[in-house]
Amino acid sequence: MILESILAFLHISAILALVVFITSEAAICRPEWMNKDIVERLVTVDRIYGIAAMTVLATGLLRIYLGMKGSGWYWGNWLLHVKITLFVLAALISIKPTLRFARWRKELRATGALPSAEEVRSVRKLVMLQAHIIPLIPLAAVFLARGFGGR
Ligand code: HEM
């Protein structure tokens, strides 16, 4: 029970970090606020967001393999597959923003140029999309945790 509680704490802490950093990205990635400090900061915030996402995945896997219900019960549960599908979807959507932030910083350092308003707007849409997919995951999680979705 102690291990279960520690794993739950680690999973929730990683989720909180993930939410904090996707929210920061959404808050600062705006055409009207774009300047060189924001370009630099976006790369840092996005890197921490990536680390938080990896930690969410790692702690989720730990809960599957070390949790009391057993990995067989989890892998046979369709709600876990919904969670993982949504998580992978958000991860795939995050690829383009990550590449763009790195390119913006590279161009800024080389030429001093800032990204166009149109480009910032299109990347912001992808950040917002992730920010709206992530809150759906706990819906599957709370039912999964209470035994729904199993055979
Ligand atoms: C942003 C992504 C995620 C969010 C927001 C999230 C959210 C949550 C929440 C809120 C709980 C606690 C549910 C409760 O006790 O009422 C939970 C539990 C759990 N999560 Fe996640 N999760 C995420 C990703 C993942 C991933 C990727 C995996 C698997 C690789 C995973 C596996 C689990 C497992 C096994 C539990 C334990 C369920 C139980 O108590 O039986 N989670 N998650």
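The sequence shown: position 66 = 66 (the numbering used here), numbered continuously. Beta carbons: idealized from backbone N, C-alpha and C, even for Gly.
Asked, Found
"Measuring alpha carbon to alpha carbon, tell me which residue in 37, 67, 82 and 19 is nearest residue 56.", "19"
"Let me confirm a value: residue 87 is counted as buried when at least 16 other C-beta atoms fall within 10 Å, else exposed. Which label applies?", "buried"
"At which residues does the alpha helix (DSSP H) containing residue 138 begin and terminate?", "137-145"
"So, helix, strand or coil for residue 60, using DSSP?", "helix"
"Can you determine whether any heavy atom of the ligand HEM sits closer than 7 Å to the C-beta of residue 16, and answer yes or no?", "no"
"Using only Cβ atoms and a threshold of 6 Å, which residues come within that distance of a heavy atom of the ligand HEM? Order them by chain position.", "11, 15, 18, 56, 57, 60, 61, 63, 64, 67, 69, 74, 83, 84, 87, 134, 137, 138, 141, 142, 144 and 145"
"My assumption, with CB atoms under 8 Å, is that residue 144 sits in contact with residue 80. Please give the rounded CB distance.", "6 Å"
"Which class does residue 30 belong to by DSSP, given the choice of helix, strand or coil?", "coil"
"So, using beta-carbon positions, are residue 141 and residue 83 closer together than 8 Å?", "yes"
"Once the 5 residues before and after residue 96 are set aside, which same chain residues still bring their CB inside 6 Å of it?", "126"
"In the DSSP assignment, the alpha helix (DSSP H) including residue 128 goes from what residue to what residue?", "117-133"
"Quick check: what's the CA-CA separation for residue 105 versus residue 50?", "17 Å"
"Can you tell me where the alpha helix (DSSP H) holding residue 110 begins and where it ends?", "78-111"
"Can you give me the start and stop residues for the alpha helix (DSSP H) that residue 72 sits inside?", "71-75"
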